[in-house]
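>
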Amino acid sequence: MPDSEKEKALEMHKALVEAAAENDETLMEKFFESESLTEDEMREGIRKGLAARGMFPVFCVCAGKDMGVRRLMEFLGNVVPFVSDMPVVHNTRGVPVPPDANGPTSLYFFKTAVEPHIGGVQYFKVMSGKVHEGDDLTNADRGSKERMAQLFVCAGANRIPVPELVAGDIGCTVKLKDVKTGNTLNGKDCENRFNFIKYPNAKYSRAIKPVNEADVEK
1 MPDSEKEKAL EMHKALVEAA AENDETLMEK FFESESLTED EMREGIRKGL
51 AARGMFPVFC VCAGKDMGVR RLMEFLGNVV PFVSDMPVVH NTRGVPVPPD
101 ANGPTSLYFF KTAVEPHIGG VQYFKVMSGK VHEGDDLTNA DRGSKERMAQ
151 LFVCAGANRI PVPELVAGDI GCTVKLKDVK TGNTLNGKDC ENRFNFIKYP
201 NAKYSRAIKP VNEADVEK
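Using UniProt numbering, the first residue of the sequence shown is number 1, and each one after it goes up by one.
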């Protein structure tokens, strides 16, 4: 590090230590006494800040030149909170839904994409329980049945097939018949429904009608 930047780096480090301490009273007291925290204490403070959504780290990374990637991955593995550390979410009825892998299966679909030669690709988060290839689920918003014929996790532009996903996992699937962004799919005896995406009220609307009946799907 150039000597000209050392003073600025120390100031930024102190600000980071203080931000970590603000998430825990015990850490805050220690910071006031010594103006320092151990690495483990900083890790714990930052983890609590992330869980409370009070801290949003920014990393400078260049994947093409492999710069900063290892540091980012180490941060994800050592500091970022586990899904069990995050605040419990609630369904639309106000019932808490803990991210329990042994709980009832419930998936929330947050994105839909269309790819050439494949069609619709639906991205979802497993809110609770587990989902396996071949599972039959019910769309809580539309009342339709869906079969999860294939499951994938994404790595950049690549999709990696997996046999199952558990609570906290984010994955995608293809060729679902009647699933829209914002829908919830549930397993047997589960009635969860989530509404995380808030859409603005429309000011102007138009509909598109195909000229030929054969173009309805398009």
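Glycine residues also receive a C-beta, built at the ideal position from the N, C-alpha and C atoms.
VAL58 to GLN122, Cα distance in whole Å?
Taking the sequence shown and counting its residues from 1, one reaches residue 58 at position 58. Taking the sequence shown and counting its residues from 1, one reaches residue 122 at position 122. Taking the straight line from one Cα to the other gives about 28 Å.
> Quick check on CYS62: buried or exposed, where buried means 16 or more other Cβ atoms within 10 Å of its Cβ?
Here residue 62 corresponds to residue number 62 of the sequence shown, with the count starting at 1. Label assigned to CYS62: exposed.
> Would you kindly report the start and end of the unbroken alpha helix (DSSP H) that includes MET70?
Locating residue 70 in the sequence shown gives position 70, where the first residue counts as 1. It is worth fixing the name first, because residue 70 is Arg in this sequence and not Met. Segment 69–78, the alpha helix (DSSP H) holding ARG70.
> Any idea what DSSP makes of GLY120, helix, strand or coil?
The residue you call residue 120 lines up with position 120 of the sequence shown. Strand, per DSSP.
> Measure the C-alpha to C-alpha separation of residue 299 and ASN91 and round it to an integer number of angstroms.
This structure leaves residue 299 out entirely; the chain is present only between 1 and 218.
> Taking all protein chains shown into account, decide if ARG47 is buried (16 or more other Cβ within 10 angstroms of its Cβ) or exposed.
Position 47 of the sequence shown, counted from the first residue, corresponds to residue 47. Burial call: buried.
> Could you pull out every unbroken alpha helix (DSSP H) segment of at least 4 residues lying fully inside the segment 3–37, listed in chain order?
Segments of the alpha helix (DSSP H) lying fully in the segment 3–37: 3–21, 25–34.
> Which whole-angstrom value is the C-beta distance of VAL88 and PRO98, which I expect to be below 8 Å?
By 1-based counting over the sequence shown, the position of residue 88 is 88. By 1-based counting over the sequence shown, the position of residue 98 is 98. The Cβ separation is near 5 Å, so the contact holds.
> Candidates ALA157, VAL153, SER106: which alpha carbon is nearest THR173's?
By 1-based counting over the sequence shown, the position of residue 173 is 173. Comparing Cα positions, the closest option is VAL153.
> For ILE160, which three-state DSSP category applies?
Looking up residue 160 in the sequence shown gives position 160. Of the three classes helix, strand and coil, the one that applies to ILE160 here is strand, per DSSP.
> Can you check DSSP and say which residues form a bridge with residue 261?
Nothing can be reported for residue 261: it is not among the residues displayed for the chain, which extend from 1 to 218.
> Out of ILE118, GLU146, HIS13, ASP100, state which residue places its alpha-carbon closest to the alpha-carbon of VAL166.
Working through the sequence shown from its first residue, we reach residue 166 at position 166. When each option's Cα is compared against that of VAL166, the closest is ASP100.
> Less than 8 Å between the C-beta atoms of PHE110 and ILE208, yes or no?
In the sequence shown, residue 110 corresponds to position 110, counting from 1. In the sequence shown, residue 208 corresponds to position 208, counting from 1. It is not a contact, given that the beta carbons lie outside the stated cut-off.
> Taking Cβ positions, are HIS132 and PRO161 nearer each other than 8 Å?
As a first step, residue 132 must be located in the sequence shown, where it is residue number 132. As a first step, residue 161 must be located in the sequence shown, where it is residue number 161. Contact: no.
> Flag this pair as yes or no: are the beta carbons of ALA52 and LEU37 separated by less than 8 Å?
For the purposes of this step, residue 52 is taken as residue 52 along the sequence shown, with counting starting at 1. For the purposes of this step, residue 37 is taken as residue 37 along the sequence shown, with counting starting at 1. No.
> Exposed or buried, GLU25, counting other C-beta atoms within 10 Å across all chains shown (16 or more means buried)?
Stepping through the sequence shown from its first residue, residue 25 is reached at position 25. By the 10 Å Cβ count, GLU25 comes out exposed.
> Return the chain-ordered list of same chain residues with a C-beta closer than 6 Å to the C-beta of GLY45, the five sequence neighbours on each side being excluded.
Here the question's residue 45 lines up with position 45 in the sequence shown. ALA20, ALA21, ASN23, ASP24, LEU27.
> If you follow the beta strand (DSSP E) that ARG147 is part of, which residue opens it and which one closes it?
On the sequence shown, position 147 is the one that residue 147 refers to. 145–148 is the span of the beta strand (DSSP E), which, as asked, contains ARG147.
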